[in-house]
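Here is the structure we will look at, set down as C-alpha cells.
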Amino acid sequence: MIRSLRTSLVSGSLRAFGNTRRHSTGEAAIDQSNRPGLPRVTIDVVIAGFKCAVCGTDVDIGTPFAWRCPQATADDPYHVLHIVRSDSLPPALDDPNPFLRYGPRLAWWAFAQANGMTGDACAAITREVAADFVVTSFERSDALSSELDLDLWVKDETGNVAGSHKARHLASILMHLRAAESLGLLAGRPPLAIASCGNAALAAATLAARVDWPLDVYVPTWMDDAFGSEIERLGGRIHRCERRDHDPPGDPAMLRFRDARDAGAIPFTVQGPENAYCLDGGRTLGWEIADQAVLAGVKLDRVVVQVGGGAFAASVGAGLGHAVRLDTVQAEGCAPLAATWDRIASIEQPERYWSQVMRPWPEPHSIADGILDDETYDWIAVTEAMVESGGRPIVALERDIVRARQLATDAGFAVSATGAAGLAGVLTAREHIHDGDHIAVVMSGVAR
Ligand SMILES: Cc1ncc(COP(=O)(O)O)c(C=O)c1O
Ligand SMILES: [Zn+2]
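Position 290, counted from 1, in the sequence shown is what the numbering used here calls 1613; the numbers after and before it change by one each time, with no gaps.
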C-alpha cells in the first residue's frame, strides 16, 4: 500500500518533470572519450529549462533570474522550480575545476549560451567566480570501514571553498548573475541576500567578495560575534533580526530575508524554492562522486547524506542518479522530512498539499546545528530521489551523532557534528545494512 502510493508520488512528479528523471541513471555515466589528452569538444545547450514541481509551469532556460516559480506569491509560496534536462549529458571535460569539468552540464551555462554567450566567455566567468574549486577527494576510509564492517567511502568537502560544499550551490547563482550582467540583462547590482549564520553565510560572503557584489546577511540575535566579524571582514553586512510584535510565526531572519527579496534583493540562498539555481551547482558533488567511484572501481550500494533544508541531498541525488540508493539523515531533535515521509504514504500527489505534509518541526535541537532547519524546503526533490533509488529517511540518534563526529575525527577528518551526521545515519541504521556494503558519506563543514 505504502509503496504503491509512494509510487504515485513519483509518477505524478514524473509528469511534472517531463523527461528529466528517465535519464537520471545516465547522469552517473562516465564518457570514456573524455580522458586526459583528448581534445575538448564543443557542446550544445542541453538543459531544456525549469518546471515547477507543484504547478507544472515551464520556465525557458534563456529566462534571466529564473529563481522562483512565476506562480509563487506571498499567499501561495509553495512552488519550486526544478531543472529539466534534455536527453544526454555532455561528457566531463579534462579539468580539475568541477565548474569547468562539468560546465556545459550546468543550467547557468546553458542560460548564458541560450542568450548568445560563447563557451569561452562562460569559462572566463567560471574562472572569475570559481577559480579555486577543485574536485574534492573521494577515498575509502580504512579506519571507518573496519570500525563499521562496511566498505565506507568518504567524499571530503571540509577543504572546499569556505570549508563546506555550500559554495557549490551559490557559485551557480553568482555565475548566472555575472553572465546576465555581461549580457546587458541587469541594470545595476541589487544586493544579494541570505538568511544564515553558518556555512552558507560564509560561502556567500566569500563568493560575493570575489566579484565585489554587495551582500546582506540576515542572522538570528544569538549569532556568535566571531562569526559575524568574519562575515564583515569579507564585506558582508550583518543584520541581527529580532522578532517583531506583528511577525507571523517562523524564523525572524528568514522573514527579514524575504522582505529584502520582495524589495528587490537577489535571493543568494541554498533553498531551492527561493532560488532554483542553487540546485544547479550543487549537482557537481553528485557528478564527482559518480565519476570518482567509477575510477576507483567501486560500485556504490548507497549514499547516506545529512539533510537540513534539503538542497544538498537533492543535488547529490540529481548528480548520482537513481542507480545509487539515497538515504537521508536528520537528527532525532529535528526530523521534519521523516515526518513528511510518513504523512505522504497515504496521499497522492502530495506536492499539492505542501503546507499540510511538510510542517515546521517544533523546537529543533541537536549538536548537528547546521541541519536544524525546521522545514525541509527541498522535500519534493529529496523525496523523489529517495523513492526512485529505493532509499529512505533515517532519524539519527543524538548519541550516534556524537559518536560519528568522534569516529570521523579519529579517522582523520576535521569535520563538524553536522558534517558527520551522514555517518551518524549509517551508525543508527547499521543493523539494516549488509556487512561489506559499499557506502558513501559526505563529510562537509570543517570543524571550527
Ligand atoms: C556541513 C553541512 N552539511 C550538510 C548541510 C545540509 O544541507 P541542506 O541544508 O542543503 O540540506 C549543511 C547545511 O547547513 C551543512 O552546513
Ligand atoms: Zn509553480
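Heads up, the beta-carbon is just placed ideally off N, CA and C, and yes, glycines get one too. Please read these numbers as outputs of a predicted model, since none were measured by experiment.
Unbroken beta strand (DSSP E) run spanning residue i, endpoints
i, result
"Met1766", "1761-1766"
"Val1774", "With the chain covering 1324 to 1771 only, the question about residue 1774 has no answer from this structure."
"Trp1390", "Unbroken run through Trp1390: none, as it is neither H nor E."
"Val1484", "Val1484 -> no beta strand (DSSP E), and no H or E assigned at all."
"Ala1784", "A question about residue 1784 goes unanswered here, because the residues of the chain that appear run from 1324 up to 1771."
"Val1477", "1474-1479"
Of the listed residues the options, nearest to residue i (C-alpha basis)
i, options, result
"Thr1732", "Phe1456, Ala1518, Ala1371, Asp1479", "Asp1479"
"Phe1608", "Arg1428, Asp1417, His1488", "For the sequence presented, residue 1608 should be read as Leu rather than Phe. The candidate whose alpha carbon is nearest that of Leu1608 is His1488."
"Ile1561", "Gly1521, Val1477, His1569", "Gly1521"
"Arg1408", "Val1710, Phe1373, Asp1418", "Phe1373"
"Val1764", "Val1652, Pro1596, Arg1567", "Val1652"
"Pro1414", "Pro1421, Ile1406, Tyr1425", "Tyr1425"
"Arg1512", "Asp1535, His1492, Ala1526, Phe1736", "Asp1535"
"Ala1641", "Phe1461, Val1710, Arg1682, Glu1462", "Val1710"
"Ala1661", "Gln1594, Leu1602, Trp1684", "Trp1684"
"Asp1614", "Ile1690, Glu1462, Thr1396", "Glu1462"
"Trp1686", "Pro1659, Lys1622, Leu1643, Ser1712", "With the sequence shown as reference, residue 1686 is identified as Glu, and Trp is not the correct amino acid for it. Residue Pro1659 is the option with its Cα nearest to Glu1686."
"Ala1485", "Ala1526, Val1452, Leu1423, Ala1588", "Ala1526"
"Leu1578", "Ala1447, Ser1519, Arg1666", "Ser1519"
"Pro1387", "Leu1500, Leu1471, Thr1706", "Leu1500"
"Val1452", "Glu1565, Leu1423, Val1403, Met1498", "Met1498"
"Gly1482", "Asp1455, His1492, Trp1476", "Asp1455"
"Asp1758", "Arg1722, His1645, Arg1625, Asp1665", "Arg1625"
"Ala1490", "Ala1389, Arg1606, Gly1587, Glu1565", "Arg1606"
"Ile1612", "Val1458, Thr1592, Ala1770", "Val1458"
"Val1628", "Ala1389, Arg1391, Ile1717, Lys1622", "Ile1717"
"Trp1432", "Asp1399, Ile1554, Arg1715, Asp1603", "Asp1603"
"Trp1390", "Tyr1600, Leu1416, Ala1586, Leu1429", "Tyr1600"
"Glu1707", "Pro1400, Ile1690, His1405, Ala1395", "His1405"
"Asp1473", "Met1766, Ile1762, Ala1770", "The residue asked about is misnamed: residue 1473 is Leu in this sequence, not Asp. Per the Cα distances, Ile1762."
"Met1546", "Cys1657, Pro1575, Pro1537, Ala1532", "Pro1575"
"Ala1397", "Asp1548, Arg1584, Ile1670, Leu1471", "Arg1584"
"Cys1564", "Leu1623, Asp1582, Gly1558", "Asp1582"
"Thr1741", "Leu1423, Arg1726, His1755", "Arg1726"
"Arg1728", "Ser1739, Leu1720, Thr1592", "Ser1739"
"Leu1475", "Gly1768, Ala1770, Ile1756", "Ile1756"
"Tyr1401", "Val1680, Leu1557, Asp1760, Ala1744", "Val1680"
"Ser1495", "Ile1694, Gly1595, Asp1383", "Gly1595"
"Pro1421", "Ser1411, Gly1439, Arg1450", "Arg1450"
Residues bridged to residue i (per DSSP)
i, result
"Ala1719", "Ala1654"
"Arg1560", "Asp1539"
"Cys1375", "Leu1404"
"Val1769", "Val1738"
"Arg1648", "Arg1625"
"Ile1589", "Leu1515"
"Asp1381", "Lys1374"
Opening and closing residue of the alpha helix (DSSP H) in which residue i lies
i, result
"Ala1454", "Per DSSP, Ala1454 belongs to no alpha helix (DSSP H) and is neither H nor E."
"Trp1610", "1606-1619"
"Ala1502", "1489-1505"
"Phe1461", "It is not in any alpha helix (DSSP H) - Phe1461 instead sits in the beta strand (DSSP E) that spans 1461-1463."
"Val1534", "Element bounds for Val1534: n/a, residue is neither H nor E."
"Asp1665", "1659-1667"
"Gly1642", "1634-1643"
"Gly1748", "1744-1752"
"Leu1509", "It is not in any alpha helix (DSSP H) - Leu1509 carries neither H nor E in the DSSP assignment."
"Met1709", "1702-1712"
"Arg1424", "1421-1424"
"Ala1437", "1430-1437"
"Gln1679", "1677-1680"
Chain D contact for residue i (CB, 9 Å cutoff)
i, result
"Arg1450", "The structure shown contains no chain D; it is built from a single protein chain."
Any heavy atom of ligand 2 nearer than 5 Å to the CB - residues listed: If you measure from each CB to the nearest heavy atom of ligand 2, the residues under 5 Å come out as Cys1375, Val1377, Cys1378, Thr1380, Cys1392, Gln1394, His1402.
At least 3 beta-carbon pairs within less than 8 Å: the region 1625-1641 vs the region 1687-1706: At 8 Å Cβ cutoff, the stretches touch.
Three-pair Cβ contact test at 8 Å for the region 1745-1754 versus the region 1640-1660: Enough Cβ pairs lie closer than 8 Å, so yes.
Any 3 or more C-beta pairs closer than 8 Å across the region 1496-1512 and the region 1662-1678: Here the region 1496-1512 makes no contact with the region 1662-1678; the two share fewer than three CB pairs at distances below 8 Å.
Meets three-Cβ-pair contact criterion under 8 Å: the region 1562-1579 and the region 1371-1388: Fewer than three pairs of CB atoms, one per stretch, sit closer than 8 Å, so the region 1562-1579 makes no contact with the region 1371-1388.
Contact between the region 1539-1548 and the region 1617-1625 (3+ Cβ pairs under 8 Å): No, the region 1539-1548 does not touch the region 1617-1625.
Segment contact, 8 Å Cβ cut-off, at least three pairs: the region 1715-1735 with the region 1458-1473: A contact exists between the region 1715-1735 and the region 1458-1473.
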